[in-house]
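Residue numbers (the working numbering), protein chains in the order written: chain A, 1 to 347; chain B, 1001 to 1615. Each remark here refers to the structure printed beneath this line.
As structure tokens, this is what we get:
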């Protein structure tokens, strides 16, 4: 299903999001971007054709990690950074479950970075939703592994000297088979990305640009403000050229692996000269180029599906191997196991 | 023609094989053990190897050893001091000489005593020539040359020939101790079936070693150790790590739920992962995680989703798992954590044994965080205690520690194979009823219900934040927090009603009680029986349950005027006994990476009760 088809489908969703809301008071700060992400998750869940009891939301520690308490599914609010590892155990215990991880940028990329990259590498069939607000919220405002260099925070009063991660690149490089990005303030797009992720078999990763209105307010302002958004966001769609700008007047072409912004109004370049997005490109190279737009001056932030490929999943292979060995050796007999190796009788 | 040799019948023998870590001493030792087990002796082994995989040849720190003690009587230890040392090079001789019994037999590979090896072993003078071994029965065998001669004509490199000499040594020992070659031949056929030249070479070396004993006059006596009168039944030889793995499979079978292991390789626990990863046709899932934390975390996730979940590690790994174990305490999910203890702190002595993680298991978490602890006492007891740890974890919805140690994990002994039907069932009742479900409702055991994802109508959230009694919602109410802390504490204490009492062995009216735990069982038992034979009145209790302690602990301790607690740490059980029962105890502590010799315990008792020391 293309993003467009998914978006059209969501237009007609008969909302039963209430079925996924718990009776717990949501305790995020008023105005927090997490509210939108929760709303979109509750909205798309009934659409997936999965019984409610088969959903498991797993989180670590951080503001966004309260997420499972507000989804009326099975949920596990665990410890800092470990959500991907716990979710892995859940999936391997019962592969019929639809397993989702909700994590912040500190949780997933700092303390939990190792678990994140290894979950991607194994291509475990689970969805990892990154709430990227580029700040530590729950500990009241320190720079995070996605904060821009030079950021002044309580723990970096003279500016942070850390370079940030590009989460999309981490996911692609680590072997995630579905990698997308969306924005909290674009609910339709976010729903579409969640539906696409849900439909993907394998590790699906969505980076969501999420505003922390208390400690990092306006981090994504240019990307969400109606006036500035067209010049700062390029929407990725499979088979479509990369066009952005208020009047769709700008495009991006590729010179080798170098992206170049071109003006479509001057007659020098036309739409046919532009980079046409291929979600299913088996070569990950162009996903990296797209993710690197944020390091380049004047380039828009891509949102949409960066990449989707098919690979066998760890959970699928694990159970296939159990079946295969059982077929080969026969179902295990405990008495035989006890007697394996040399035995002798004492009369 | 075979000569007539005097055959001397011995009650028990301790042999140590020692050589370079590349000399195959562990293999030689384990082959001798298997053959000896099949022959019907009781036996107990102590593999001892360096942390380096292939330390430089000929060096003192590269020496690898395998000690085994076999007997026509029941035995409990790998033997205090070897009667026989097989030394493959000068370094092996130098490192092991101090441990030998006076007058012990030393079989040396004389070909390895060249100037290079002597220098590597820091010998200025060849010890075979300077009379420094007077008092020992030294047997010089041209092991390397004889092996090479036996393999003449085979298409083998010098290196391969050299690597076969351990089978020559093994064959020679089989002759000396009157053991059959058959079990090792069968093993070789299985191992080298697809490599005929290696099969032939090893078999030839083995046989040549055997006939070297038969045809030369280096030995004047052969020794015979009769089979032991063990309890009737079918036996196999088993190591602690094998027994642990099989115990878990048995528990999974008896609980009727799949076994999930989340683990990260670490010495000396890794073999449990190796073993369990073979058992796929038993439905066993093994997940080699990216680190120790992911190992335990994945197990917690699997437990939430209804599997029998375990994680296996050693001390440093346990330190990493600490926070997640606290999460399992808070979420009250069944989980078994195996700590195969090794020398600490930090990386410590990775390949050496110790029992110094008791307090880490007991207290190594933030907050009031009680976790039941069980400990195995012998290699085969690892089976029983692994099974028991699972039973407690499931029944009481709690993480449980199983403490073993390197010496039990790698050591082996005969195991009387239990009847599958004789093992108790482990009831698992996943909660199903929607109407009555509450995540933190408790049953008579104070356990909360196990409601697994996939069950309609029981959707609920758990986590590390404090939860409201019964309802399981996040609660910051002060009184609820204290209530839940006391509840978790009471639940673990209640397990006391469900575990066996301490059994006092030895003299009930003894002057002194030895209280020990874990892998000291063998040394203490042997010391107690030796002491009693000498007329001392001594009693023994062994703790296999360390949290909670057995119900009669206080009563038992109160009966004895003096209590000796031998431990291979600085007094961790001693501290716990003092703390809980306000009892003064006498400590005997040794932290040298090896088990107690029973004589060390005997001498301590004698020094307390008065009398003459033993050697």
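For glycine and all other residues, C-beta sits at the position ideal for the given N, C-alpha and C.
Of all the CB atoms in chain B, is at least one closer than 8 Å to the CB of residue i?
i                      : result
residue 299 of chain A : no
residue 13 of chain A  : In this prediction, residue 13 of chain A scores a pLDDT of 44, lower than 50, which makes its location untrustworthy; no coordinate-derived value is stated.
residue 76 of chain A  : yes
residue 164 of chain A : no
residue 16 of chain A  : no
residue 86 of chain A  : yes
residue 208 of chain A : no
residue 124 of chain A : no
residue 24 of chain A  : yes
residue 92 of chain A  : yes
residue 89 of chain A  : yes
residue 72 of chain A  : yes
residue 118 of chain A : yes
Are the C-beta atoms of residue i and some chain A residue less than 8 Å apart?
i                       : result
residue 1606 of chain B : no
residue 1323 of chain B : yes
residue 1236 of chain B : yes
residue 1400 of chain B : no
residue 1267 of chain B : no
residue 1460 of chain B : yes
residue 1449 of chain B : no
residue 1122 of chain B : no
residue 1469 of chain B : no
residue 1001 of chain B : With a pLDDT of only 41 at residue 1001 of chain B, under 50, the local geometry of the prediction cannot be trusted, and the value read off the model is given with reservation. For residue 1001 of chain B, the answer is no, since every Cβ of chain A falls outside 8 Å of its Cβ.
On the criterion of 16 or more Cβ atoms from any shown chain inside 10 Å, does residue i qualify as buried, or is it exposed?
i                       : result
residue 1616 of chain B : Because chain B spans 1001 through 1615 in this model, residue 1616 of chain B falls outside it and cannot be assessed.
residue 72 of chain A   : buried
residue 54 of chain A   : buried
residue 1290 of chain B : buried
residue 303 of chain A  : buried
residue 47 of chain A   : buried
residue 193 of chain A  : buried
residue 218 of chain A  : exposed
residue 1174 of chain B : buried
residue 1006 of chain B : exposed
residue 120 of chain A  : buried
residue 212 of chain A  : buried
residue 1382 of chain B : buried
residue 1001 of chain B : Residue confidence is low: residue 1001 of chain B scores 41 on pLDDT, short of 50, so the model does not pin down where it sits. Its coordinate-derived value is still stated next. Residue 1001 of chain B comes out exposed.
Applying a beta-carbon distance threshold of less than 7 Å, which residues of chain A neighbour residue i?
i                       : result
residue 1474 of chain B : 69
residue 1463 of chain B : 76, 77 and 78
Going along chain A in order, which residues have a C-beta closer than 9 Å to the C-beta of residue i?
i                       : result
residue 1379 of chain B : Residues of chain A passing the Cβ test: none, with the nearest at roughly 14 Å.
residue 1410 of chain B : Going along chain A, no residue has its Cβ under 9 Å from residue 1410 of chain B, so there is no contact; the nearest lies around 16 Å.
residue 1283 of chain B : 322, 326, 331 and 332
What residue range is occupied by the uninterrupted beta strand (DSSP E) comprising residue i?
i                       : result
residue 1463 of chain B : 1461-1463
residue 1127 of chain B : Residue 1127 of chain B -> no beta strand (DSSP E), and no H or E assigned at all.
residue 1341 of chain B : 1335-1341
residue 306 of chain A  : 301-308
residue 253 of chain A  : 250-255
Give the range of the alpha helix (DSSP H) segment to which residue i is assigned.
i                       : result
residue 1215 of chain B : 1196-1215
residue 1530 of chain B : 1521-1533
residue 115 of chain A  : 113-122
residue 1174 of chain B : 1165-1176
In chain B, what lies closer than 8 Å to residue i by C-beta?
i                      : result
residue 130 of chain A : Going along chain B, no residue has its Cβ under 8 Å from residue 130 of chain A, so there is no contact; the nearest lies around 18 Å.
residue 343 of chain A : 1234, 1235, 1236 and 1417
residue 97 of chain A  : 1305, 1453 and 1454
Chain B partners of residue i, CB-CB under 9 Å?
i                      : result
residue 346 of chain A : 1040, 1227, 1228, 1229, 1230, 1231, 1232, 1233, 1234, 1235, 1414 and 1416
Taking 7 Å as the cut-off, is the C-beta of residue i nearer than that to any heavy atom in the ligand ATP?
i                     : result
residue 85 of chain A : Looking for the ligand ATP in the displayed structure turns up nothing, as the structure carries no ligands at all.
If the cut is a Cβ gap below 8 Å, which residues of chain A does residue i touch?
i                       : result
residue 1183 of chain B : 342
Check: Between the stretch 33-55 of chain A and chain B, which residues of the former have a C-beta closer than 9 Å to a C-beta of the latter?
Finding: Hits within the stretch, in order: 51, 52, 53, 54 and 55.
Note to self: Give me the subset of the stretch 306-340 of chain A whose CB atoms are less than 7 Å from a CB atom of chain B, sorted by chain position.
What the structure shows: 318, 321, 322, 325, 326, 329, 330, 331, 332, 334, 335, 337, 338 and 339
Notebook entry, point to check: Taking a cut of 7 Å between CB atoms, which residues from the stretch 1253-1281 of chain B lie near chain E?
Noted result: No chain E is present in this structure, whose protein chains are A and B.
Margin query: Can you pull out the residues from the stretch 1325-1346 of chain B whose beta carbon lies closer than 7 Å to at least one beta carbon of chain A?
Written below: 1327
Check: the stretch 131-144 of chain A: which residues have C-beta closer than 7 Å to a C-beta of chain B, in chain order?
Finding: none
Next item on the list: With 7 Å as the C-beta to C-beta threshold (strictly closer), list the residues of the stretch 1239-1252 of chain B near chain A in chain order.
Entry: 1246, 1249 and 1250
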